[in-house]
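Residue numbers (this note's numbering): 26 to 499.
Structure follows, in structure tokens:
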């Protein structure tokens, strides 16, 4: 029997598995040599000391509970916890306990065996962190695709990444052509200290700044460790710079900082930031294409409502604008005036001087009319051929007629020769003027017809004059 016990003890003491035993009330009766080596203790002298003091404080309560429950119920248990070992570091232990009974069935205590699962826990933690990183990246990617506003995308990114990394400050800076950094967006933890700012030349030496930019431009990451003793404030921050590339050029940098305590950025965090930077590169390209598309659309829109020759509004723009103002002013009960202008004997001008000269004449007349109108709400448009039209919101007939006379004099002052005109030696214009209070039951065409009637009368009376034609809708 003794030989069997000694053989058992020899086997147990030569295994790398941590083995222990306790009696029915929880007193430790055996630690194998692997346990003693891990805890740096002697089996004989410290057998009954409280080994649980080496358990991590966050895990201790659960371990004590499971241990007491097993003793009370005469059952085994399986628990994982962190244990402080001889080098004062914690390792993860998976502890299994099996109940022992006498031949009579009386509970005698527990036999436990433990395995070091630190590597498994690290792998598990990496997988958890990677899954969290993937979820965060998926969220950022989704928001990037859901928005075309770059500033909103950048702000969302720094807010999300800050919460994930629990970094004190995250910035995204734009690298200008001068290789200076311009802060675009920033996110800080609440109550975070005022930290070094890489965009401040007073806090970052020029040589370090230039070195960082050179490294970043090559696509490399810049990491700067915490150095509390350094007189340079910038060195008192754990800083990580991640380049944001766009079209193979350095577009900007993600700057992550911790200044209250030292922090070593782990590989998973760096990988996440690199992946975020790649997504931002896509967002930047997407935003640029969107801006180009918007600009092209605006140019097309401008072209669609602009007369290509005179560079003033065309007939389409006139129709849109007067319809809009007719509705608006009918609600406000404010007057809307219209002036129709026609170049006198323009066909004879073209026949005499040629169409290129006729085009130049149209341009000069359009510019002269535009000079007279001062308000942003006034619209000058080419109505068709040699006819021009002015839409004058909130203008009574007296004001419209005064403006018509100013236009006539402005055109006459151009002194564009017109030898075949029966009115003058120079180009002149005739104008029809009308104004009314728009009525929702009528169309704006009634105002156009009235101004056209005024223009007709101006021509009948000898041209080179403005004639008003009244209209009452109420």
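Where is the CB? At the ideal position from N, CA and C, for every residue including glycine.
As the structure is a computational prediction, the values presented were derived from the model and not from experiment.
Boundaries of the alpha helix (DSSP H) in which residue i is found, first to last residue
{"i": "residue 103", "result": "It is not in any alpha helix (DSSP H) - residue 103 instead sits in the beta strand (DSSP E) that spans 102–109."}
{"i": "residue 413", "result": "Unbroken run through residue 413 is the beta strand (DSSP E), 412–418; no alpha helix (DSSP H)."}
{"i": "residue 357", "result": "340–357"}
{"i": "residue 396", "result": "380–397"}
Residue i (DSSP reduced to helix, strand or coil)
{"i": "residue 290", "result": "coil"}
{"i": "residue 495", "result": "coil"}
{"i": "residue 82", "result": "helix"}
{"i": "residue 447", "result": "coil"}
{"i": "residue 367", "result": "strand"}
{"i": "residue 189", "result": "helix"}
{"i": "residue 140", "result": "strand"}
{"i": "residue 48", "result": "strand"}
{"i": "residue 424", "result": "helix"}
{"i": "residue 330", "result": "coil"}
{"i": "residue 479", "result": "helix"}
{"i": "residue 199", "result": "strand"}
{"i": "residue 225", "result": "Legend: pLDDT at residue 225 = 45, less than 50; position of this residue unreliable, value from coordinates given subsequently. Reduced to three states, the DSSP call for residue 225 is coil."}
{"i": "residue 440", "result": "coil"}
{"i": "residue 231", "result": "At residue 231, the pLDDT of 41 sits below 50, so the modelled position is not reliable; the number obtained from the coordinates is stated separately. Reduced to three states, the DSSP call for residue 231 is helix."}
{"i": "residue 40", "result": "coil"}
{"i": "residue 335", "result": "coil"}
{"i": "residue 173", "result": "coil"}
{"i": "residue 131", "result": "coil"}
{"i": "residue 55", "result": "strand"}
Extent of the continuous beta strand (DSSP E) to which residue i belongs
{"i": "residue 210", "result": "206–213"}
{"i": "residue 457", "result": "454–461"}
{"i": "residue 124", "result": "115–126"}
{"i": "residue 59", "result": "Residue 59 -> not in any beta strand (DSSP E); alpha helix (DSSP H) instead, spanning 58–64."}
{"i": "residue 274", "result": "274–283"}
{"i": "residue 249", "result": "247–249"}
{"i": "residue 263", "result": "263–271"}
{"i": "residue 2", "result": "In this structure the chain extends from 26 to 499, so residue 2 is not present and cannot be described."}
Residues near residue i in its chain [Cβ-Cβ closer than 8 Å; skip 5 each side]
{"i": "residue 495", "result": "422, 459 and 475"}
{"i": "residue 173", "result": "311, 312 and 315"}
{"i": "residue 142", "result": "105, 117, 118 and 119"}
Classification of residue i by the beta-carbon crowding that lies within 10 angstroms, buried from 16 upward
{"i": "residue 274", "result": "exposed"}
{"i": "residue 286", "result": "exposed"}
{"i": "residue 267", "result": "buried"}
{"i": "residue 372", "result": "exposed"}
{"i": "residue 370", "result": "buried"}
{"i": "residue 477", "result": "buried"}
{"i": "residue 186", "result": "buried"}
{"i": "residue 384", "result": "exposed"}
{"i": "residue 443", "result": "buried"}
{"i": "residue 153", "result": "exposed"}
{"i": "residue 493", "result": "buried"}
{"i": "residue 342", "result": "buried"}
{"i": "residue 36", "result": "exposed"}
{"i": "residue 318", "result": "exposed"}
{"i": "residue 479", "result": "buried"}
{"i": "residue 408", "result": "buried"}
Integer-rounded CB distance, given that residue j should sit under 8 Å from residue i
{"i": "residue 452", "j": "residue 337", "result": "That pair is no contact at about 17 Å."}
{"i": "residue 498", "j": "residue 462", "result": "6 Å"}
{"i": "residue 414", "j": "residue 406", "result": "5 Å"}
{"i": "residue 263", "j": "residue 283", "result": "4 Å"}
{"i": "residue 297", "j": "residue 162", "result": "7 Å"}
{"i": "residue 412", "j": "residue 365", "result": "7 Å"}
{"i": "residue 169", "j": "residue 304", "result": "6 Å"}
{"i": "residue 122", "j": "residue 99", "result": "Between residue 99 and residue 122 the Cβ distance is about 11 Å, and since that is not below 8 Å, they are no contact."}
{"i": "residue 38", "j": "residue 58", "result": "4 Å"}
{"i": "residue 53", "j": "residue 139", "result": "In fact, because the Cβ distance is near 13 Å, the residues do not count as touching under 8 Å."}
{"i": "residue 503", "j": "residue 321", "result": "Any answer about residue 503 is impossible in this case: the structure gives the chain only from 26 up to 499."}
{"i": "residue 46", "j": "residue 134", "result": "6 Å"}
{"i": "residue 334", "j": "residue 387", "result": "6 Å"}
Beta-carbon contacts of residue i that lie in its chain and below 7 Å, excluding the five residues immediately before and after
{"i": "residue 294", "result": "190"}
{"i": "residue 389", "result": "439 and 441"}
{"i": "residue 350", "result": "361, 416 and 418"}
{"i": "residue 247", "result": "237, 240, 241 and 266"}
{"i": "residue 299", "result": "267"}
{"i": "residue 212", "result": "183, 184, 187 and 195"}
6 Å CB neighbourhood of residue i in its chain, flanking five on each side removed
{"i": "residue 281", "result": "192, 195 and 265"}
{"i": "residue 70", "result": "Because residue 70 carries a pLDDT of 40, less than 50, the predicted location of this residue cannot be relied on, and no value is offered for it."}
{"i": "residue 68", "result": "For residue 68, the predicted model reports a pLDDT of 49, less than 50, meaning its position is unreliable and no value from the coordinates is stated."}
{"i": "residue 436", "result": "390, 393 and 454"}
{"i": "residue 81", "result": "107 and 115"}
{"i": "residue 432", "result": "394 and 397"}
{"i": "residue 102", "result": "91, 95 and 122"}
{"i": "residue 271", "result": "306 and 309"}
{"i": "residue 465", "result": "355"}
Distance cut-off 7 Å: residue i Cβ against heavy atoms of the ligand MN
{"i": "residue 163", "result": "Absence of the ligand MN from the depicted structure is noted, as is the absence of any ligand whatsoever, leaving it without description."}
Any chain B beta carbon closer than 8 Å to residue i
{"i": "residue 376", "result": "Here chain B cannot be found, since the structure has a single protein chain."}
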